[in-house]
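What follows is a set of notes on a single structure, which appears directly below.
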Amino acid sequence: MRHYFCRLYRSAKRQLHQRHFGAFSVSHNNGGFIGGGQLGYNYQFVPSWVAGFEADVQGIAGSNGNATVTSSLANPNFPTQPLFQTATVSRQLDWLGTLRGRLGLLATPTFLLYGTGGLAFGGVSATTNITQVVANLANTGPYFSLGNLNNARVGWTAGGGVEWMFLPNWSLKVEYLYYSLGSVSYALSPLVNNVAGTFPLSIALPRSSTRFNGNIVRAGIDYHFNWAPAPVVAKY
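Residue 1434 is where the sequence shown starts when you use my numbering, and the numbers rise one by one after that.
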């Protein structure tokens, strides 16, 4: 089975306090390829309607992407010492699975139009790096903050597709799914502005947030196990 994966949405934001002002918002779209397998069951309960369920899981290649934003901020308490800051964020979907019901209408005895929806789950990871520097301030250099996330998420998915039964036990399908694994927020290491040999001028506790959602367009070929004697022509 071959699947094609496209479009991820990412945003990373942080809140700054004391001498640290503003928030970053970074958006990035990227695509990749996925491959896996599925199991399911179909039941044709009236001449033109098919109901069933499907479970699938797939690994994902090429979904990793990163984006960088750089900005400068005026410091209202110290107008001659603006703040320069850079944030780099990355996000990746490592694998994705779904458990879905589906309901379809047979346009012809071998051509099915269907909608589908249910549970989505996947492994995700994200990283945020922040660098800041205060201009025109002696005895201080860049200071940094870093955080990462790596866990499994559960959400939902919905979509639809078409399936063609080209042989009694074989079908070809093209399917679209939207999935959402929800939003997460994770803490970064303290962002500390030190003057050499003295105490910190400021300390901030940044957080980064991201949303794991996207669109899948995939094609696959399925083999159908018919527990009754195989029909002479293809049939669901």
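Glycine is no exception: its CB is placed at the ideal position from the N, C-alpha and C atoms. Bear in mind that the values here come from a model prediction, so they are computed numbers and not experimental data.
Query                                                                                                                                    : Result
Which term fits Val-1567, buried or exposed, when burial requires 16 or more other beta carbons within 10 angstroms of its beta carbon?  : buried
What residue does the beta strand (DSSP E) around Thr-1560 start on, and which one ends it?                                              : 1544–1567
Do Ile-1467 and Leu-1529 have their CB atoms nearer than 8 Å?                                                                            : yes
Using a threshold of 8 Å, state whether the C-beta atoms of Leu-1545 and Leu-1539 are closer than that.                                  : yes
Is it true that the CB of Val-1617 sits closer than 8 Å to the CB of Thr-1643?                                                           : yes
With DSSP as the reference, please indicate the residues paired to Gly-1469 in a beta bridge.                                            : Gln-1491
So, is Asn-1626 buried or exposed, given that buried needs 16 or more other C-beta atoms within 10 angstroms?                            : buried
So Gln-1514 is in the beta strand (DSSP E); what residue range does that whole segment cover?                                            : That residue, Gln-1514, is in no beta strand (DSSP E); it is neither H nor E in DSSP.
Mind checking whether the beta-carbon of Gln-1477 lies closer than 7 Å to any heavy atom of the ligand NAD?                              : Of ligands this structure carries none, so the ligand NAD is not represented either.
Which residue marks the beginning of the beta strand (DSSP E) containing Ala-1507, and which one marks its end?                          : That residue, Ala-1507, is in no beta strand (DSSP E); it is neither H nor E in DSSP.
Rounding to the nearest angstrom, what Cα-Cα distance links Gln-1525 and Leu-1605 in this structure?                                     : 29 Å
Pull up the distance between the alpha-carbon of Phe-1554 and that of Ser-1613, whole angstroms please.                                  : 9 Å
Whole angstroms is fine: what's the gap from Asn-1659's alpha carbon to Tyr-1476's?                                                      : 11 Å
Determine the closest residue to Val-1479 out of Val-1522, Phe-1486, Ser-1558, Pro-1542, with distance taken between C-alpha atoms.      : Pro-1542
According to DSSP, is Pro-1639 helix, strand or coil?                                                                                    : coil
Taking C-alpha atoms, which residue in Thr-1561, Pro-1512, Gly-1588 lies nearest to Ser-1523?                                            : Thr-1561
Relative to the C-alpha of Asn-1584, which residue among Val-1595, Tyr-1611, Asn-1602, Phe-1645 is closest?                              : Phe-1645
Hey, Leu-1579 and Ser-1622: beta-carbon distance below 8 Å or not?                                                                       : yes
Taking C-alpha atoms, which residue in Thr-1503, Ser-1641, Arg-1651, Leu-1472 lies nearest to Thr-1564?                                  : Thr-1503
DSSP three-state call for Phe-1658: helix, strand or coil?                                                                               : coil
Could you check if Pro-1639 is buried or exposed, using at least 16 other CB atoms within 10 Å of its CB as the buried criterion?        : buried
Run the CB neighbour count on Gly-1592, radius 10 Å, all protein chains shown included, and call it buried at 16 or more, exposed below. : buried
Would you decide whether Ile-1654 is buried or exposed? Buried here means 16 or more other CB atoms lie within 10 Å of its CB.           : exposed
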